[in-house]
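Numbering (the working numbering), first residue to last: 1 to 221.
Glycine included, each C-beta is placed from N, C-alpha and C at the ideal position.
Heads up, the thing below is written out as structure tokens.
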């Protein structure tokens, strides 16, 4: 019987229960959509659900619902695969911690700084892992892609640098623009930027794939 792991396996590890890559993406994006909707419709939500008004203004309502949606997304991942995805788990931890501080202290700074800290942490972990010969990005994408070791190293390096850049971008945006602009940027700019970055990695994925990216089960020659 295969050994069961609480945390999803690393690159080229024996697979347990798979989750559809699009569903996985939806579970990771869903909490952000909830956050944006709640921030933009905070007064409407407070009027229809008076208990939410106790949390404070729109950003605090959005933060509370963001925390709930994050826990739900992780719970669904666990129910489907009996494992927890590494990066959403780490991000979820900071959502809970910084979200709790945001609501408890009624201070928007904590939730606005969360993306900076999480992105900087991910970047440091990925680049730091490479120093010890570990391509940690495989813990995130191993179910979607099958790459050789050189491919995982290159992809890990690129994503590590990308996360550091996004940490800097978040700092610039939240410190220089309104809360509404920051919340919109978090969903409608951050995600497209990430998608464009991912599309730019396709040539690397094709060069280092051990299986076709388009469903062919024969290894690349």
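Collapsed DSSP secondary structure at residue i in the structure displayed
i: residue 120; result: helix
i: residue 189; result: coil
i: residue 202; result: helix
i: residue 217; result: In this predicted model, residue 217 has a pLDDT of only 45, less than 50, meaning its place in the structure is not dependable; the value taken from the coordinates is given anyway. Residue state, collapsed to three classes: coil.
i: residue 84; result: strand
Cross-strand partners of residue i (DSSP beta bridge)
i: residue 209; result: 147
Cutoff 6 Å; reference residue i; Cβ partners in own chain excluding five residues on either side
i: residue 98; result: 110, 111 and 114
i: residue 203; result: none
i: residue 116; result: 167, 170 and 171
i: residue 101; result: 110
i: residue 123; result: 160, 163 and 164
Nearest candidate by alpha-carbon position, reference residue i, set the options
i: residue 120; options: 147, 87, 103 and 96; result: 87
i: residue 167; options: 149, 150 and 194; result: 194
i: residue 32; options: 184, 169, 210 and 123; result: 184
i: residue 153; options: 176, 165, 126 and 177; result: 126
i: residue 44; options: 58, 34 and 20; result: 58
i: residue 107; options: 134, 68 and 56; result: 56
i: residue 34; options: 26, 22, 69 and 82; result: 69
Contact set for residue i: own chain, Cβ-Cβ below 8 Å, skip 5 residues either direction
i: residue 29; result: 191
Cβ-based neighbour list, residue i, same chain, cut-off 7 Å, excluding 5 preceding and 5 following
i: residue 150; result: 208
Note to self: Three Cβ pairs or more, each shorter than 8 Å: is that satisfied between the region 25-45 and the region 59-73?
What the structure shows: yes
Checklist line | Three CB pairs or more closer than 8 Å across the region 47-55 and the region 69-89 | finding: no
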